[in-house]
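All residue numbers for the sequence shown refer to my numbering, where the first residue is 1324 and numbers rise by one.
Every residue, glycine too, gets a C-beta built ideally from N, C-alpha and C.
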Amino acid sequence: MTARDTDWDGVRLHVVTGKGGTGKTTVAAALALALAGSGRKVLLIEVEGRQGIARLFDSSPLPYAERKIAIGQGGNGDSSRPGGDVYALAIDPEGALLDYLAMFYGMRSAGKALTRVGMVDFATAIAPGLSDVLVTGKATEAARRRVAGTGSRYVYDAVVMDAPPTGRIGRFLNVTTEVSDLAKVGPVRAHADTVANVIRSPQTAVHFVCTLEEMPVQETLDGIAELRKIKGIQVGGVIVNMARPALLAGDLHQAPDLPALTAALTAAGLGDTGQLAADLAAELAEHADRVELQDRERAELDAAGQPIYELPLITEGIDLAALYRLAAELRDQGAA
Ligand SMILES: Nc1ncnc2c1ncn2[C@@H]1O[C@H](COP(=O)(O)OP(=O)(O)OP(=O)(O)O)[C@@H](O)[C@H]1O
Ligand SMILES: [Mg+2]
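In structure tokens:
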């Protein structure tokens, strides 16, 4: 496992993408907890309006405001290091779009005939990418925000974004080209340039969450290749999630010695040992296949040349304790 610190040093905005269902929300939350160790203040942003973060932290739905939801890794279990605070913000992209239209064009009143869905469809048709730039704009604003009066101190030490899936991430982050047509449509242009400057700077890193299966690995490799083509965008780490540990060392594909296994089971006082030995042997073979597949997929990811971190499958499911465990894994492996 390699850990190149350049993916964390100086990075203020961590964008977490990955194939749907591979654990983006979970890993983004764990990363926020990890980053919030040692007294740092972190903002965790959700951008798809699904309240996944609130669910994860057993909190009531998040308002459209930054709210403290947890204490960072150092504060939990390690009393020598006070944990910083994790704040969360759920951005509702449709709400942000409607607010924008209302503010600059008075469309909310002018468009009374249009339903909410109609307004969003209309805005998307005349200004594709507008909703994305409003969302990325909020994240970059939070990452750059300074404490009033100090002029220099940042409000947040890091911002973590639970971002759209790999299929959408290129378009989502490619602010400049997506938004260039909008110059005609509204005052968003200057804002878009600021946003693009942050996204395409060493202050932003895009991390990929991936499980060790064919489709997620392929999507990760495609996503990395796509982002590398966008000038200035920095690909960060690949976080392998839900990895299953290899339970046994050695050559797993070597067929087990059935008579010896049967004898051992008999000696252990178990009944119907013949059947039991056969079942065990079948499970061993299945485990061997899975470990082999994981190793193959891991090698493919390695070839992409990004630092790789690995988080275990937590069979008991994800609760707050599990999130802290994943955060500790990330810190131990040099992330954050
Ligand atoms: N390391 C893990 N061990 C066990 N379960 C996990 C782990 N990581 C994620 N999960 C579970 O996998 C499921 C998907 O995770 P999550 O919601 O974070 O994925 P996602 O990529 O954000 O999904 P979506 O694309 O729907 O937003 C959840 O039920 C989550 O609890
Ligand atoms: Mg999610």
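In this structure, the C-beta of THR1349 approaches ligand 1 to less than 7 angstroms from one of its heavy atoms.
A straight-line Cα-Cα distance of about 46 angstroms links ILE1522 and ALA1608.
A distance below 8 angstroms between beta-carbons, with the five flanking residues on each side excluded, links GLN1374 to the following residues of its chain, in chain order: PRO1384, LEU1385, ALA1413.
In the assembly as shown, GLU1639 is an exposed residue. Its beta-carbon has fewer than 16 other beta-carbons within 10 Å. CA-CA distance, HIS1610 to GLY1372, rounds to 38 angstroms.
Of all C-beta pairs linking the stretch 1534-1544 to the stretch 1474-1486, fewer than three are shorter than 8 angstroms, placing the two stretches out of contact.
Here PRO1487 is buried. Its C-beta has 16 or more other C-beta atoms within 10 Å.
Around the beta carbon of PRO1525, a 10 Å sphere encloses fewer than 16 other beta carbons of the protein chains shown; the residue is thus reported as exposed.
Bridge pairing for ASP1408: ILE1394 [DSSP]. Taking 7 angstroms as the cut-off, the C-beta of GLY1490 does not count as close to any heavy atom of ligand 1. In this model, ALA1450 and ASP1612 are separated by some 49 angstroms (Cα to Cα). Restricting attention to ASN1497, LYS1364, ASP1408, TYR1423, the CA atom closest to the CA of GLY1452 is found in ASN1497. Take the alpha-carbon of LEU1624 and the one of LEU1593: they are about 43 angstroms apart.
Excluding its 5 nearest sequence neighbours in each direction, GLY1418 has C-beta neighbours in its own chain below 8 angstroms: GLY1372, TYR1387, listed in chain order.
In this structure, the C-beta of ASP1485 approaches ligand 2 to less than 7 angstroms from one of its heavy atoms. The C-alpha of ALA1590 is placed about 48 angstroms away from the C-alpha of GLY1343.
The Cβ atoms of ALA1659 and LEU1336 lie no closer than 8 angstroms to each other.
By the Cβ criterion, the stretch 1543-1556 is in contact with the stretch 1617-1637, since at least three pairs of Cβ atoms, one from each stretch, lie closer than 8 angstroms.
If you compare the alpha carbons of LEU1366, ASP1595, THR1348 with that of ARG1467, the shortest gap goes to LEU1366. DSSP, reduced to helix, strand and coil, places ASN1497 outside both helices and strands of the structure shown, so it counts as coil. Look at GLY1460 here: in three-state DSSP terms it is helix.
Collapsing the DSSP output to three states places TYR1647 in a helix.
Collapsing the DSSP output to three states places ARG1613 in a helix. Distance from the CA of ASP1516 to the CA of ASP1422, rounded to the nearest whole angstrom, comes to 20 angstroms. LEU1379: member of the alpha helix (DSSP H) spanning 1375-1379, first to last residue.
Annotation for THR1340: the continuous beta strand (DSSP E) segment containing it runs 1336-1341. LYS1461 is not a Cβ neighbour of GLY1407, given a cutoff of 8 angstroms.
In the three-state reduction of the DSSP assignment, ILE1492 falls in the helix class. Distances between the C-beta of GLY1474 and the heavy atoms of ligand 2 are all 7 angstroms or more. Assignment of THR1585 by DSSP, reduced to helix, strand and coil, places it in the helix class. Restricting attention to THR1349, GLY1360, ALA1351, the CA atom closest to the CA of ASP1655 is found in GLY1360. By the Cβ neighbour-count rule, PHE1427 is exposed, with fewer than 16 other Cβ atoms within 10 Å of its own. Per the DSSP secondary-structure output, PHE1531 pairs in a beta bridge with THR1340, VAL1561.
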